[in-house]
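Asker: All letters in the sequence shown, in the order written, are residues 76 to 213 by the numbering used here. Structure below; questions to follow.
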Amino acid sequence: MGIQSSRPWTPKESTELLCKVFEERDKRRLRSRSRGECEEHLMDFYKFLGPYMPTAIDAYNEKTPQSSISKEESFKIIGDPGREDEEYYYDLLSEVFMLGERTLRGGISYKVKEFYAVGVVDQPRLDQENDTEFYLSP
């Protein structure tokens, strides 16, 4: 089982964490949560966002035609980002939030509502050993 949260995440905390990471590019943990709790919560969000990735990759490639990264490479980076791919990785995940939205913050807010509506929060995770590291600062 993953890191045990002292308390369930709230939509407000989720929005705050996602805005810090994707809007402000501030990869430090929330003050009210441990680094492990923040990383695990981000992992849960990334898994939730997985079905949106093909559309986000297409949208990103349309907006950034000079990108030399193929669709196949994009999927590999999403599954196992390296530090050299970090900027592209965060740009691509930001694109997921922007699907159908005008602003990144608006997209984050919408996806947080959707995330909580489907009841993904605080469910046991069965594939802990296959988790990817996401780059939060200590």
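From the three backbone atoms N, C-alpha and C, an ideal C-beta is built for every residue, glycine too.
Where do the ends of the alpha helix (DSSP H) carrying residue 180 lie?
Answerer: Taken as a continuous stretch (DSSP letters only), the alpha helix (DSSP H) holding residue 180 covers 179–192.
Asker: Would you mind reading off the limits of the alpha helix (DSSP H) that contains residue 163?
Answerer: Element bounds for residue 163: 161–173.
Asker: What is the rounded straight-line gap between the Cα of residue 181 and the Cα of residue 106?
Answerer: Answer to the nearest angstrom: the Cα atoms are 23 Å apart.
Asker: In chain order, what residues of the same chain have a beta carbon less than 8 Å from the beta carbon of residue 91, not counting five sequence neighbours either side?
Answerer: Once the five neighbours on either side are set aside, the close Cβ partners of residue 91 are 105.
Asker: Could you check what DSSP says for residue 148 in three-state terms: helix, strand or coil?
Answerer: Residue 148 falls in the helix class under three-state DSSP.
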